[in-house]
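Right, one structure below, let's go through it.
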Amino acid sequence: MKLIRRGFFFSRTEEIMQVNILNQRIGKVKRADLNKSIYFRTCNIFLFDDSGKLLVQKRSENIKPFPGFWDASPGGVVRINETDLEAVNREIKEEMDFEPDDVKKIATVSIENEEWFWWSTFFKGKVVGEIKKSHEVEDYKFMSIDEIKTRLKKGEKFTPGCLKGLQYLH
Numbered sequence: 001m002k003l004i005r006r007g008f009f010f011s012r013t014e015e016i017m018q019v020n021i022l023n024q025r026i027g028k029v030k031r032a033d034l035n036k037s038i039y040f041r042t043c044n045i046f047l048f049d050d051s052g053k054l055l056v057q058k059r060s061e062n063i064k065p066f067p068g069f070w071d072a073s074p075g076g077v078v079r080i081n082e083t084d085l086e087a088v089n090r091e092i093k094e095e096m097d098f099e100p101d102d103v104k105k106i107a108t109v110s111i112e113n114e115e116w117f118w119w120s121t122f123f124k125g126k127v128v129g130e131i132k133k134s135h136e137v138e139d140y141k142f143m144s145i146d147e148i149k150t151r152l153k154k155g156e157k158f159t160p161g162c163l164k165g166l167q168y169l170h
């Protein structure tokens, strides 16, 4: 497994797409300026292997937000001049250094926590080739949906976005 570094994912000056409560594009905002009153957009992809298991990654304890949480792999903010599909493809390349197969949009939903309100577009696709682990990821595994449910019952933590997106997988 080769270690790669994601160049722009947590840049505090990165300009990302600002949207309104209806997910309509209204401008740009720097990542460092995000707060509960500023809506933004993210993208995530659920990647499956040939046996139908989902690729999940355990976030490093040193990475915020959600240190040590399991997450659907990969995802991130949508930059100012990107479509959701362009953003998810960029995130895959930055985080795992491969191009997925059979990418399909499955849902766009709103997500809220104590710090932020955001819109997330979820995609699904297939893993093609070798996965290269980012320095921001402690571990990754392929898990069945049943295994994820078992881990949740045991108290393992999954990111809010991952949990929300799992509801839309069929």
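With the first letter of the sequence shown counted as 1, position 93 gets the number 93 in full-length UniProt numbering; the numbers rise by one all the way through.
Every residue gets a Cβ at the ideal spot worked out from N, C-alpha and C, and that includes glycine.
Endpoints, beta strand (DSSP E) assigned at residue 44: Here residue 44 corresponds to residue number 44 of the sequence shown, with the count starting at 1. 39-48 is the extent of the beta strand (DSSP E) around residue 44.
Distance between residue 16 and residue 156 (C-alpha atoms, nearest Å): The residue given as residue 156 occupies position 156 in the sequence shown. The residue given as residue 16 occupies position 16 in the sequence shown. For residue 156 and residue 16, the distance between alpha carbons rounds to 30 Å.
Alpha carbon of residue 25 to alpha carbon of residue 78, nearest angstrom: Taking the sequence shown and counting its residues from 1, the one referred to as residue 25 is at position 25. Taking the sequence shown and counting its residues from 1, the one referred to as residue 78 is at position 78. Going from the Cα of residue 25 to the Cα of residue 78 covers about 11 Å.
Alpha helix (DSSP H) runs wholly inside the segment 22-102, at least 4 long, in chain order: Here the runs fully enclosed are 84-96.
Enclosing alpha helix (DSSP H) for residue 148 [first to last residue]: Numbered from its first residue, the sequence shown carries residue 148 at position 148. Start and end: 145-153.
Pairwise C-alpha distance: residue 119 and residue 90: Reading the sequence shown from its first residue, position 90 is the one you call residue 90. Reading the sequence shown from its first residue, position 119 is the one you call residue 119. The straight-line gap from Cα to Cα measures roughly 18 Å.
For residue 132, the three-state DSSP class (helix, strand or coil): Translated into the one-based positions of the sequence shown, residue 132 becomes position 132. Coil.
Close beta carbons around residue 160, own chain, < 6 Å, minus the five adjacent residues each side: Here residue 160 refers to the residue found at position 160 when the sequence shown is read from its first residue. For residue 160, where only same-chain residues beyond five positions count, the Cβ hits under 6 Å are 111 and 113.
Residues that DSSP places opposite residue 15 in a beta bridge: Start at 1 with the first residue of the sequence shown, and residue 15 comes out as number 15. Answer by DSSP bridge pairing, in chain order: 30.
Reduced DSSP category for residue 104 - H, G, I as helix; E, B as strand; rest coil: The residue labelled residue 104 in the question sits at position 104 within the sequence shown. Note: residue 104 maps to strand in three-state DSSP.
Paired residues, beta bridge with residue 156 - DSSP: Counted from its first residue, the sequence shown places residue 156 at position 156. Partner(s): none; residue 156 has no beta bridge.
Euclidean distance between Cα positions of residue 64 and residue 46: As a first step, residue 64 must be located in the sequence shown, where it is residue number 64. As a first step, residue 46 must be located in the sequence shown, where it is residue number 46. Those two C-alpha atoms are separated by around 21 Å.
Given residue 172 as reference, the closest of 143, 31, 14 and 86 once Cα atoms are compared: Nothing in the structure corresponds to residue 172, since the chain is present only between 1 and 170.
Pick from 58, 136 and 23 that is closest to residue 43, judged by C-alpha positions: Here residue 43 corresponds to residue number 43 of the sequence shown, with the count starting at 1. With respect to the C-alpha of residue 43, the residue from 58, 136 and 23 having the closest C-alpha is 23.
Boundaries (first-last residue) of the beta strand (DSSP E) holding residue 119: Here residue 119 is taken as the residue at index 119 of the sequence shown, counted from 1. Run containing residue 119: 117-126, per the beta strand (DSSP E) assignment.
Neighbourhood of residue 50 by C-beta distance below 8 Å, restricted to the same chain and skipping five residues each side: Against the sequence shown, residue 50 aligns to sequence position 50. 126, listed in sequence order.
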